[in-house]
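**Q** By the numbering used here, the letter at position 462 of the sequence shown is numbered 579, and the numbering carries on one by one without gaps.
I'd like to ask you about the structure that follows.
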Amino acid sequence: MTGLVSLSSSNKMTVTSALSRTISRPLVRALALVSGLGLAACDTVPLEDTPTRAQTPGLSLEPMKSFGATRVQPPQRSNGNIAADFLALHFQLESGRDLPVFTRFETPITVRVTGSPPASLQPDLTRLLGRLRSEAGIDIRQVSEAGASITIEAVSREEIGRALPHAACFVVPNVSSLAEFRRDRRKDKTNWANLRKRERLGIFVPYDSSPQELRDCLHEELAQAIGPLNDLYSLPDSVFNDDNIHTILTGFDMLVLRATYAPELRSGMSRDQVTAVLPDLLGRLNPRGVTVAARPVVTTPRAWIDQVQAALGPGVAFQTRLDAANRAAQMAQSWGWTDQRRAFGHYMLGRMLQTADPDLAQRHFLTAMQVLQSTPGTRLHQAYVTTQTAAFAISRGDGAGALAQLRPMRDVAAQAENAALLATLMMLEAEALTLLGKTDAARDLRLDSVGWARYGFGSDWAVRAKMQEIASLNPRNALGG
118 MTGLVSLSSS
128 NKMTVTSALS
138 RTISRPLVRA
148 LALVSGLGLA
158 ACDTVPLEDT
168 PTRAQTPGLS
178 LEPMKSFGAT
188 RVQPPQRSNG
198 NIAADFLALH
208 FQLESGRDLP
218 VFTRFETPIT
228 VRVTGSPPAS
238 LQPDLTRLLG
248 RLRSEAGIDI
258 RQVSEAGASI
268 TIEAVSREEI
278 GRALPHAACF
288 VVPNVSSLAE
298 FRRDRRKDKT
308 NWANLRKRER
318 LGIFVPYDSS
328 PQELRDCLHE
338 ELAQAIGPLN
348 DLYSLPDSVF
358 NDDNIHTILT
368 GFDMLVLRAT
378 YAPELRSGMS
388 RDQVTAVLPD
398 LLGRLNPRGV
408 TVAARPVVTT
418 PRAWIDQVQA
428 ALGPGVAFQT
438 RLDAANRAAQ
448 MAQSWGWTDQ
458 RRAFGHYMLG
468 RMLQTADPDL
478 AQRHFLTAMQ
488 VLQSTPGTRL
498 HQAYVTTQTA
508 AFAISRGDGA
518 GALAQLRPMR
528 DVAAQAENAA
538 LLATLMMLEA
548 EALTLLGKTD
558 AARDLRLDSV
568 GWARYGFGSD
578 WAVRAKMQEI
588 ASLNPRNALG
598 G
């Protein structure tokens, strides 16, 4: 599989259901701007309006590694753009349905964990709650007793799949258990569009996924439980984007959440009322954004989103998906887009074509990279594309070319706390070093990658499979050299 590198089985794309009840992020084909074995996404429950995260697929291996303090970059965009994003995120569901009023929790937020949480859940949740308090100024804490504002229930992926097919995790209003959701899923109480304020929510996460996928679910689902319900493909710097690039809350996300809980806002406000107070509110919270010039941003038409979902969706014939990806790329070009959405179409095509036509796939990857390099705030996107172009270079025996691409991207992945991406970049770099005859350095780097791979991919077999997949790219290994 020339040039095929996968980071996780967790693609992110909105799954819409026939009801306005959930905001879900489903299991989709491994094509988002991450790669190969697959990527998943998380959900807020309808079944059409639920936010979700789609699904991700333990040498005695090195111990699992974890990240230190989060290095947050403040948003680089104008407050005018951020205000428009805030309104789009808060007053619409992922399905496109408008929401009549602004909603949030109006009392201190308590969080309880139930079910069968794995060992990695608690430290990641503790870090997340700490960030929400310090960076977003939200009064939120964990409790052990029943009656919490938000209940996080750790259940199996199979149970999640039965409750909401194609979702890796999801959040639902006015329930505290999966059993309660099953019982009340078609009642008005679980319809996001009926909410006037938030009082009780349930988040359902998989205990049998990789630590990183579980953490990613915690970040996105908790953020949507307390904040915006929508996702926007136009955002380059946010988890509130179905391209699944950012997997932990960013500086932009924390600003949006801080604004959500600002005293100027309250549940029940109309869009016009929120619009009126946003300029001064954002000026107070983000003074640097006052002087940044606004950039023209075109909203993402539903027609393009539909083609992307068709290209990434499960259970669809390859040619149908390829046609949809081509239409998405053609739309972006015809509309004159020059941001990461334009790159996304080429990335999808590259991923689809890299086995059948690797040279054409590389042209799509290179086009995606050219677009991203002229788009501010897309270094993480570029790191994902680099896994594909560097893998291709390795498969052609070009160790020096691969190394030049890979080395600048390791710190990008580390700052984003994406262990799966970081481990993949390190394993690829080890193969590039091997091609250059630097076998000792390659061995040390490969060994160092294992701890990150254990966090990013989970089980021993998944880590070994990833290492074998990347090693197979090296033509010397294929020849037994």
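Yeah, the Cβ is synthetic: ideal placement off N, Cα and C, and Gly gets one too.
1) Under 8 Å, with one C-beta from each stretch per pair, do the region 477-488 and the region 447-466 reach the 3-pair mark?
2) Could you compute how far the alpha carbon of VAL373 sits from the alpha carbon of ARG593?
3) Quick one: what's got a C-beta closer than 6 Å to ALA531's C-beta in the same chain, skipping five residues either side?
4) The alpha helix (DSSP H) spanning PRO396 covers which residue range?
5) Hey, could you find the ends of the beta strand (DSSP E) GLY232 is sitting in?
6) Given that a residue counts as buried once 16 or more other Cβ atoms are within 10 Å of its Cβ, and exposed if not, what is PRO290?
7) Short check: CB of VAL230 to CB of SER266, under 9 Å?
8) Just verifying my parser: in three-state terms, what is the DSSP assignment at VAL151?
9) Is the region 243-252 in contact with the region 291-303, if contact means three or more CB pairs nearer than 8 Å?
10) From GLY185, ALA186, GLN193, ARG188, pick the residue whose C-alpha is nearest to that of ALA410; which is it?
11) Using a Cβ distance threshold of 8 Å, determine whether the region 539-557 contacts the region 513-530, with at least three qualifying pairs required.
12) Can we say the region 320-332 touches the region 266-286, given the rule of at least three CB pairs closer than 8 Å?
13) Compare the beta carbon distance of PRO90 and LEU331 with 9 Å and say whether it is the shorter of the two.
14) Quick one, which of LEU312, HIS498, TYR572, GLY467 has its alpha-carbon nearest GLN209's?
15) Taking Cβ positions, are PRO418 and LEU206 nearer each other than 9 Å?
16) So the alpha helix (DSSP H) PHE357 belongs to, where does it begin and stop?
17) If you follow the beta strand (DSSP E) that LEU318 is part of, which residue opens it and which one closes it?
18) If LEU366 sits next to HIS336, beta carbons under 8 Å apart, how far is it from one beta carbon to the other, in whole angstroms?
19) Grab me the residues of ALA547's own chain with a C-beta within less than 6 Å of its C-beta, minus the 5 sequence neighbours each way, in chain order.
20) Give the DSSP bridge partners of PHE509, in chain order.
21) Using C-beta distances below 6 Å, list every residue in its chain close to THR119, excluding the 5 sequence neighbours before and after it, in chain order.
22) Is it buried or exposed, LEU264, if we count other Cβ atoms within 10 angstroms and call 16 or more buried?
23) Taking the beta carbon of ASP370 as the centre, do at least 16 other beta carbons fall within 10 Å, making it buried, or is it exposed?
24) Applying the criterion that 16 or more other CB atoms from any shown protein chain within 10 Å of the CB defines a buried residue, is ASP256 buried or exposed?
25) I need the straight-line Cα distance from ALA200 to LEU399, nearest angstrom please.
26) According to DSSP, is GLN209 helix, strand or coil?
27) CA-CA distance, ASP202 and ALA280?
28) Can you give me the start and stop residues for the alpha helix (DSSP H) that ILE422 sits inside?
29) Which residue marks the beginning of the alpha helix (DSSP H) containing GLU338, and which one marks its end?
**A** Taking the structure as given:
1) yes
2) Looking at the two C-alpha atoms, the distance is approximately 50 Å.
3) Hits under 6 Å: LEU539.
4) 388-402
5) Note, GLY232: beta strand (DSSP E), 226-232.
6) buried
7) no
8) Reliability fails at VAL151, whose pLDDT of 42 lies under 50, so the model's placement of it is uncertain and no value is given.
9) Segments in contact, no.
10) Nearest of GLY185, ALA186, GLN193, ARG188 to ALA410, Cα basis: GLN193.
11) yes
12) yes
13) Lying outside 118 to 598, the shown extent of the chain, residue 90 is not represented and no answer is given.
14) LEU312
15) no
16) Counted as a single uninterrupted DSSP element, the stretch harbouring PHE357 is not any alpha helix (DSSP H), since DSSP gives it neither H nor E.
17) Boundaries of the beta strand (DSSP E) harbouring LEU318: 318-323, taken from the DSSP string.
18) At roughly 5 Å, the Cβ-Cβ gap stays under 8 Å, so LEU366 and HIS336 are in contact.
19) ALA559, LEU562, ARG563
20) DSSP, once it has assigned bridges, lists no residue as partnering PHE509.
21) Interpretation of THR119 is limited by its pLDDT of 35, a score under 50 that renders its predicted location unreliable; the figure taken from the coordinates is listed afterwards. Same-chain partners within the cutoff: PRO475, SER512.
22) As written in the sequence, residue 264 is Gly, which differs from the Leu given in the question. The residue is exposed, with fewer than 16 neighbouring Cβ atoms inside 10 Å.
23) buried
24) exposed
25) 8 Å
26) Here GLN209 sits in strand by DSSP.
27) Answer to the nearest angstrom: the Cα atoms are 31 Å apart.
28) 419-429
29) 328-343
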